[in-house]
Each structure stands twice: as structure tokens, then as C-alpha cells.
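The structure appears below as C-alpha cells.
Numbering (my numbering), first residue to last: 1 to 126.
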């Protein structure tokens with residue numbers, strides 16, 4: 001993996017987590033103690049964060065720093081799973097059950113079967 005693609009992937013993970021949390025670049029930048037323009041450059045892969053900045057950004061996003069780093073050979077879906085996991089940390093059990101039900105419903109619509117949890121959606125139609 002080249003340096004540019006590494007930085008772009010780090011930035012992409014930052015963006016995915018931030019958007020999943022419905023936060024602006026300015027909000028995360030402020031929580032990280034960096035300028036919003038610098039944060040935007042990191043998200044675009046146009047600037048390289050220091051280790052100190054990476055730690056601050058990961059804390060602001062509520063994830064460990066390793067969550068922002070690409071892991072060779074990992075499935076691309078892992079990033080999506082981490083975003084969902086990050087969101088679920090803030091949810092009640094009722095909200096988690098509803099989310100799992102929604103995901104199962106969507107998967108069924110696309111023809112996927114299986115899943116580790118018994119029962120179907122906790123949502124009611126109508």
C-alpha cells in the first residue's frame with residue numbers, strides 16, 4: 001500500500017465514523033484540538049496526521065486509534081461493521097434490537113439469509 005492510499009484510507013475511515021455520528025468536520029476538529037481546515041485535509045488524504053493528532057481524533061470519534069488504521073488483508077466490510085459498532089455503543093438494548101431488525105429486513109430484501117440472532121425484526125409493520 002502506497003503512502004497516498006494509506007493516508008486516504010485513514011481519512012476515509014475518519015469521515016465514515018464522523019458521518020455515522022452526524023457530526024461536522026468542525027465539531028470533530030474542535031474536540032480533537034486541531035483546526036477544521038487541517039482536519040478536512042486529513043480526511044481527504046491531503047495531509048498526514050501526527051501520532052498525537054491521530055490519538056486526539058480517535059478519542060474525539062470515540063474509537064481506539066487502531067480503528068483508523070488500515071489493516072492489510074482485512075475485508076472492506078470491516079470498516080462498515082466498525083461504524084455500526086461505534087453507533088451501537090451509544091444505543092439502548094431496545095434501539096439495538098430495532099437496528100438488528102432493520103438490517104435483517106434489508107438483507108432479506110436483497111436475498112441474504114442467516115444471521116446469529118433468533119427472531120425477526122422487533123419493528124412492527126404499518
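Beta carbons: idealized from backbone N, C-alpha and C, even for Gly. Just so we're clear, the structure is a prediction, and the values are computed from it rather than from any experiment.
Closest Cα partner of residue i within the set the options
i	options	result
residue 62	89, 37, 49	89
residue 4	45, 40, 94	45
residue 80	13, 107, 34, 43	13
residue 47	6, 93, 109	6
Proximal residues to residue i (C-beta, below 6 Å), its chain only, five neighbours per side dropped
i	result
residue 127	The question about residue 127 has no answer here: the residues shown for the chain are numbered 1 through 126.
residue 67	82
residue 29	36, 39
residue 21	none
residue 9	70
Residues near residue i by beta carbon distance below 8 Å, same chain, minus five either side
i	result
residue 25	18, 36, 39, 40, 43
residue 57	14, 28, 32, 34, 39, 42, 49, 68
residue 91	99
Buried versus exposed, by CB contacts within 10 Å (16 or more), residue i
i	result
residue 11	buried
residue 112	exposed
residue 104	buried
residue 107	exposed
residue 155	No answer is possible for residue 155: the residues shown for the chain start at 1 and end at 126.
residue 50	exposed
Neighbourhood of residue i by C-beta distance below 7 Å, restricted to the same chain and skipping five residues each side
i	result
residue 60	28, 31, 32
residue 87	20
Distance between beta carbons of residue j and residue i, contact taken as under 8 Å
i	j	result
residue 53	residue 84	Contact doesn't hold; Cβ gap of about 25 Å is too wide.
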